[in-house]
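The structure under discussion appears below in the form of structure tokens.
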Amino acid sequence: MATVRGHHAIVALGAAALLASVFHHGSELNSLSNLTGPLVALTVDGGIALAVIYAGRRIASADFSPTEEWRIARWTVAGTVLAVTAIGATLVVRGFEGRALAEPPFPLLVAAGAGSLGGAIAGYHAARQAAEARRARDAVRAVSIVNHLLRHDLRNDLTTISGYADLAAEGDARGDAVEVIARTAAEGVDRIEETSAVADALLGNTDLRRVDLTDAVRRVTAGFADRSAVTVETDLDDDAPIAATDGVRSIVDNLIENAVEHGGPEPTVRVTVRDGDETVTLTVDDDGPGLPAERHGPLVKVDEEAGGLWLVATLAAEYGGDVVADDADLGGARFVVTFPRFDPSEYAAVAGSDT
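Residue numbers (numbering that gives the first Met the number 0): 0 to 354.
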């Protein structure tokens, strides 16, 4: 079933005004001998009503979110009510003064149409300005996140490469050094691709494709193998397809890093992936102190200062998922990310490949 959006309400309002105009002036044509007046009047108020319908269709083709469309619709209704109330008040005053009221429906129809059209135009510009401001904030936020990811993660990779390059140059354990350099360089390339995907997601430029969440988890957890003080346990289904991008690895990485940060000196993290009929779930448990009860439940409004968790919640929402916090069996915190399972029929035109 199609979702009712704001532009539908605007078109419906214009159509109602047009039908009212046709009905009113049609009745005049049956009672008056002179057809010119009713036809001209119908051209005026009916033309304005058609302009409202056209405005609704233009808004439908614009790049507005459902929330922004309903904001424009509210402006349209407000304009209609304000204009009709103003003209109606003048007619009431004229009636109290004993003045003759010649065809009061006509000015009311014109007022309704003009108010609707003016409200739609004002709402369009208000929503457009708000959307541009939001995109500007998203751009600044994306640059900040990308800067953090590149400075922190890529700098670590380059430091590792530099250190092992020195070992290789000195001839000490050259074979092992070259292997580490090659692996770290490959991880650096992956991080750049991942960071690009994160930036696209934050800017709303996401082209979703089939991604195997199990494979993404394996690639992320492999990076923790060299951290002897950290134990990462995995329990993964063989295949867990979701609609996402390379940015999904940031979700996994940030949840594990969050678990490590809040764990003890030798933290244990358990990562579980389950493939269901309609959803795929990623669960990350730790053995840290856990979360206070008031922080249990969905991560809906996460402050940007929360860093990794804010990015997790933002990316999960971009991929159609949600994040819930709870207590873990290990004694610490549990974060469960639920994604819609990849549906090939929805992405038939997208040439997807697994991450």
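All C-beta atoms, glycine included, are put in the ideal place defined by N, C-alpha and C.
message = For a test of the three-state rule: what should DSSP assign to residue 63, helix, strand or coil?
response = coil
query = By the 10 Å Cβ neighbour count, where 16 or more other Cβ atoms means buried, how is residue 138 classified, buried or exposed?
reply = exposed
request  = Would you mind listing the beta strand (DSSP E) stretches within the region 265-327 that are 3+ residues and don't spill past its ends, in chain order?
outcome  = 267-274, 278-285 and 321-326
key: With 16 other Cβ atoms within 10 Å as the buried cut-off, status of residue 5   = buried
ask   = With distances taken from CA atoms, which of 119, 40, 279 and 322 is nearest residue 210?
value = 279
Under 9 angstroms between C-beta atoms of residue 285 and residue 269 = yes
query = Along the chain, where does the alpha helix (DSSP H) that runs through residue 19 open and close?
reply = 5-30
ask   = Between the region 289-299 and the region 315-326, are three or more C-beta pairs nearer than 8 angstroms?
value = yes
inquiry  = Using the Cβ count rule (16 or more neighbours within 10 Å means buried), how would you classify residue 350?
reply    = At residue 350, the pLDDT of 44 sits below 50, so the modelled position is not reliable and the matter cannot be decided from this model.
ask   = Ends of the beta strand (DSSP E) at residue 210?
value = 208-211 is the extent of the beta strand (DSSP E) around residue 210.
ask   = So, residue 231 versus residue 281, is the Cβ gap smaller than 9 angstroms?
value = No, the pair does not count as a contact, with Cβ atoms beyond the cut-off.
request  = For residue 77, I'd like the list of residues in its chain whose CB is within less than 8 angstroms of its CB, leaving aside the five on either flank, ordered along the chain.
outcome  = 118
ask   = Ordered along the chain, which non-local residues of its own chain (more than five positions away) have a Cβ less than 8 angstroms from that of residue 67?
value = 5, 126, 129 and 130
ask   = In angstroms, rounded to a whole number, what distance separates the CA positions of residue 102 and residue 34?
value = 15 angstroms
key: Stretch-stretch touch, CB-based, cutoff 8 angstroms, three pairs: the region 52-69 with the region 88-100   = no
ask   = How many Å lie between residue 352 and residue 123 at the Cα?
value = Low local confidence applies: a pLDDT of 47 at residue 352 is under 50, so the model's placement there is unreliable, and no value is given.
task = Assign residue 133 to one of two classes, buried (16 or more other C-beta atoms within 10 Å of its C-beta) or exposed (fewer than that).
result = With a 10 Å radius around the Cβ and a threshold of 16 neighbouring Cβ atoms, residue 133 comes out exposed.
ask   = So what's residue 252 in DSSP terms, helix, strand or just coil?
value = helix
inquiry  = Beta-carbon within less than 6 angstroms of residue 74's beta-carbon, same chain only, minus the 5 sequence neighbours each way: which residues are those?
reply    = Once the five neighbours on either side are set aside, the close Cβ partners of residue 74 are 118, 121 and 122.
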